[in-house]
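The structure appears right after this line, and notes come after that.
Protein chains: 2
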Amino acid sequence: MKPTVHDIASHAGVSLATVDRVLNRRPGVSARTREKVDKAVHELGFVRDVAAANLAKGRTYPLTFLIPSNDNSFMRGLRLALDEARDRAGVERIAIRLVDVPAFDAAALARALKDAAADQPAGIAFVAVDAPEVAVAASEVIAAGIPLVTLVSDLSGTERDHYAGIDNAAAGRTAASLLGRFAGGPQGKVAVLAGSMLVRDHRERCEAFASVMARDFPTLELLPVLEGRDDPAVVERLVAALFSGLDDIVALYSLGAGNRGLVKALESVPAERRPVVIAHELTETTRGALQSGLIDAVLNQDAGHEVRSAIRVLKAKADGLPVVADQERIRIDIFLKDNLP
Amino acid sequence: MKPTVHDIASHAGVSLATVDRVLNRRPGVSARTREKVDKAVHELGFVRDVAAANLAKGRTYPLTFLIPSNDNSFMRGLRLALDEARDRAGVERIAIRLVDVPAFDAAALARALKDAAADQPAGIAFVAVDAPEVAVAASEVIAAGIPLVTLVSDLSGTERDHYAGIDNAAAGRTAASLLGRFAGGPQGKVAVLAGSMLVRDHRERCEAFASVMARDFPTLELLPVLEGRDDPAVVERLVAALFSGLDDIVALYSLGAGNRGLVKALESVPAERRPVVIAHELTETTRGALQSGLIDAVLNQDAGHEVRSAIRVLKAKADGLPVVADQERIRIDIFLKDNLP
DNA sequence: CTGTTAGCGCCTTCAA
DNA sequence: TTGAAGGCGCTAACAG
Chain U
522 MKPTVHDIAS HAGVSLATVD RVLNRRPGVS ARTREKVDKA VHELGFVRDV
572 AAANLAKGRT YPLTFLIPSN DNSFMRGLRL ALDEARDRAG VERIAIRLVD
622 VPAFDAAALA RALKDAAADQ PAGIAFVAVD APEVAVAASE VIAAGIPLVT
672 LVSDLSGTER DHYAGIDNAA AGRTAASLLG RFAGGPQGKV AVLAGSMLVR
722 DHRERCEAFA SVMARDFPTL ELLPVLEGRD DPAVVERLVA ALFSGLDDIV
772 ALYSLGAGNR GLVKALESVP AERRPVVIAH ELTETTRGAL QSGLIDAVLN
822 QDAGHEVRSA IRVLKAKADG LPVVADQERI RIDIFLKDNL P
Chain X
522 MKPTVHDIAS HAGVSLATVD RVLNRRPGVS ARTREKVDKA VHELGFVRDV
572 AAANLAKGRT YPLTFLIPSN DNSFMRGLRL ALDEARDRAG VERIAIRLVD
622 VPAFDAAALA RALKDAAADQ PAGIAFVAVD APEVAVAASE VIAAGIPLVT
672 LVSDLSGTER DHYAGIDNAA AGRTAASLLG RFAGGPQGKV AVLAGSMLVR
722 DHRERCEAFA SVMARDFPTL ELLPVLEGRD DPAVVERLVA ALFSGLDDIV
772 ALYSLGAGNR GLVKALESVP AERRPVVIAH ELTETTRGAL QSGLIDAVLN
822 QDAGHEVRSA IRVLKAKADG LPVVADQERI RIDIFLKDNL P
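Chains as they are written, first to last, in my numbering: chain U, 522 to 862; chain X, 522 to 862.
Below, the structure is given as structure tokens:
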């Protein structure tokens, strides 16, 4: 039978309360007593029952999520995932507060971080804009002892506790490999469409993509990166202009959001001139485009996984528990029309 | 504050025990009382705290896993995943019993199923061999009221409670799409290497692969399927023979296991004659082959996810709780050299 | 058929 | 610095 605190107590010859103090590293225990308890814990192989502990504590974890108020499917999916997490809030003893933040706005994000910290939540998760002022605000949060996790896009040069998102360099490389091999022919131009170079995930995807293209498919020519601000309207304009100008574009990598605009623009490109297209995030739009053949592959990050991972990590940090890095790695899903879920 | 059984009891004007009886659908409650309680539950929006319930029950779930005693990396991975699950056994209140079963042996599997059922575990998970005698044994397990889950490979024509594995038809289609596009040229032969057509996962992959190849890449010629019994030695022999005989094989789809043999055989194929290769399961071998360029893509199912899913489902079934189908879907991971974890 | 009572494993006052 | 006692939300004897 699994040993309990009672077993530890009797084995160490102390009371339950003392065992509890030692287990939770609370003060008011003599060194000798502490040692006795530690020894008993070790000898009996005691592992505390987290469920029972939480039950007794009745503790809930107020968590704050800062999400860009960007109206694209991915962010909507993220919100949906948060709503679902809320539904399980009771069972998991968490209380999620969702705060909207203007997109790509470092100053606003920094402010929001400080405001969130003022509430003293058990943890904060946020989609980072990679700017110094955000880094400063993040450091303050950490300094205040509040666990901090970046979500979807990471922050450079800070000691955030964890990053819940995909490896964006790997995503960029994968896109390049697929696109290069799908394109087939050795000649032609390749367009790259990003949201903003201000966010680290886009920058990383872009750089990795470019480097693999240069190495493995040197005869394909990369066009200058277009920034669509993850906004369908802007994206549509940019892509339409692109295809009305040039006529030897063989492939396009859309590494940001706003693919509604991309698909619209692609629809009016004559079928015989349509490029190989690789995009990010599986949404209604990209799913439809995959099925109709307008898009060839979609790289996806599962917002639900990211949210759940962020929550697990924040709870663990709040409890001072270690996180199993391996279990928290967010996969890059690759979807073709053939393996749509 | 979340309502508890106490709130329900006082709201309905009954005792705790009665509330408990109603909640757990135990007999010995008058229809009127039951209604009163149900009404209170509904009105207060009561959700029972599963953690507390389990604590009180002190219940553990003895689960039996039947795993083919096949010595390939995937099955070893599955065993590893089970070991890890065992480590968390205490916390999750499960006790896993692992039973080895001869591979591809329907009679032995049927017997093992009956034996396992005789122990009256809280649930059974098994890698199915798709044969009538197995179906019969499975029906008996179900009839005995023991939750039953197929793992990795499914069973036709039975009412197993759940299948914890990937969509193998989707995997076959995906392999065909990638292989066809990677192969580039329109001419050449394509080899298919399976483990055994006795298991449904291999059959499904094979059929789906063939049908997409026929539809989308009709000029590539499919060779007859080779059966390597998931055994590296057999696989090596088959592939070596294949390449010594024919000289216009442009691609190969390995849909089973035993890829150690495949890679060995490929290594001795002259570089300029090496085919596009798509294989299943990310192992040390396939990872190395991806990196060295011998294999172009690997489709993977995460054994850890499958085991954890099977456990969750079996527990839920044992408790008569519903399963969130969506959350239990096992993804097909696609790995290129660029997105190796 | 219904209620009382004593735990499950842990944490937390309150006293000593 | 230590211990005793009560309780978290739920279940399970055992009585009525």
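Glycine is no exception: its CB is placed at the ideal position from the N, C-alpha and C atoms. These numbers were taken from a predicted model, which means no experiment stands behind them.
Straight across, the Cα-Cα distance linking residue 788 of chain X with residue 858 of chain U is about 32 Å. Taking a Cβ-Cβ threshold of 8 Å, the residues of chain U close to residue 850 of chain X are 862, in chain order. Of the candidates U:828, U:853, U:846 and U:851, U:828 places its Cα closest to the Cα of residue 607 of chain U.
Around residue 683 of chain X, the same chain offers 670 and 834 as residues with beta carbons nearer than 6 Å, after the five sequence neighbours per side are excluded.
Among the residues of the stretch 682-709 of chain U, those with a Cβ less than 8 Å away from any Cβ of chain X are 688, 691, 692, 694, 695, 697, 698, 699, 702, 703 and 705, in the order of the chain. Within the stretch 830-857 of chain X, the residues whose Cβ lies closer than 8 Å to some Cβ of chain U are 850, 852, 853, 854, 855 and 857, listed in chain order. In this structure the stretch 653-673 of chain U does not touch the stretch 698-712 of chain U; the number of beta carbon pairs closer than 8 Å is below three. Interface with chain U (9 Å Cβ-Cβ cutoff): residue 562 of chain X is excluded.
Taking the Cα of residue 824 of chain X as reference, the smallest distance to any Cα among X:767, X:594, X:812 and X:578 is reached at X:594. In the structure shown, the three-state DSSP call for residue 713 of chain U is strand.
With the criterion set as a beta carbon lying under 8 Å from some beta carbon of chain X, the stretch 782-801 of chain U has no members that meet it. Under the rule that a run must span 3 or more residues, the beta strand (DSSP E) segments found entirely inside the stretch 728-793 of chain U read 770-775. By the Cβ neighbour-count rule, residue 689 of chain X is buried, with 16 or more other Cβ atoms within 10 Å of its own. Annotated as distal: residue 656 of chain X and residue 674 of chain X, with beta-carbon spacing of 9 Å or more.
Interface annotation, residue 733 of chain U: in contact with chain X, CB-CB separation under 9 Å. Along the stretch 599-629 of chain U, the beta strand (DSSP E) occurs as fully enclosed runs of 3 or more residues at 615-622, listed in sequence order.
The beta carbon of residue 759 of chain U lies closer than 6 Å to those of 747 and 749 in the same chain, with the five residues before and after it left out. Residue pairing by DSSP puts residue 821 of chain X in a beta bridge opposite X:854. Taking 9 Å as the threshold, the shortest C-beta distance from residue 715 of chain U to chain X does not fall below it.
Setting aside the 5 residues that flank it on each side, residue 767 of chain X is surrounded in the same chain by 710, each with a C-beta closer than 7 Å to its C-beta; the list follows chain order. Within chain X, no C-beta atom comes less than 7 Å from the C-beta of residue 803 of chain U; the nearest is roughly 12 Å away. Residue 576 of chain U reaches chain X at 572, 573 and 576, counting residues in chain order whose Cβ is nearer than 7 Å. Going by beta carbons, residue 537 of chain X and residue 550 of chain X fall outside the 9 Å limit. Classified as exposed, residue 636 of chain X has fewer than 16 neighbouring CB atoms from the shown chains inside 10 Å of its CB. The beta-bridge partner set that DSSP reports for residue 670 of chain X consists of X:646 and X:683. Within its own chain, the residues whose Cβ lies closer than 8 Å to the Cβ of residue 557 of chain U, once the five positions on either side in sequence are excluded, are 533, 534 and 535, listed in chain order.
For residue 798 of chain X, the secondary structure class from DSSP, reduced to helix, strand or coil, is strand. Between the alpha carbons of residue 725 of chain X and residue 590 of chain U lies a gap of roughly 44 Å. Non-local beta-carbon contacts of residue 580 of chain U in its own chain, meaning distances under 7 Å to residues more than five positions away in sequence, involve 614 in chain order. In this structure, residue 773 of chain X sits near residue 799 of chain X, with a CB-CB distance shorter than 9 Å. Only exposed fits residue 578 of chain U, as fewer than 16 other CB atoms lie within 10 angstroms of its CB.
By the 16-neighbour rule on beta-carbons within 10 angstroms, residue 740 of chain X is exposed. Note that the C-beta distance between residue 790 of chain U and residue 817 of chain U is not below 9 Å. Sixteen is the threshold: when 16 or more other Cβ atoms of the shown chains lie within 10 Å of the Cβ of residue 836 of chain X, as they do, the residue is buried.
Contact of residue 859 of chain X with chain U is assigned, a C-beta pair being separated by under 9 Å. Taking each of U:753, U:840, U:629 and U:778 in turn and checking the Cα distance to residue 650 of chain U, the smallest one comes out for U:629.
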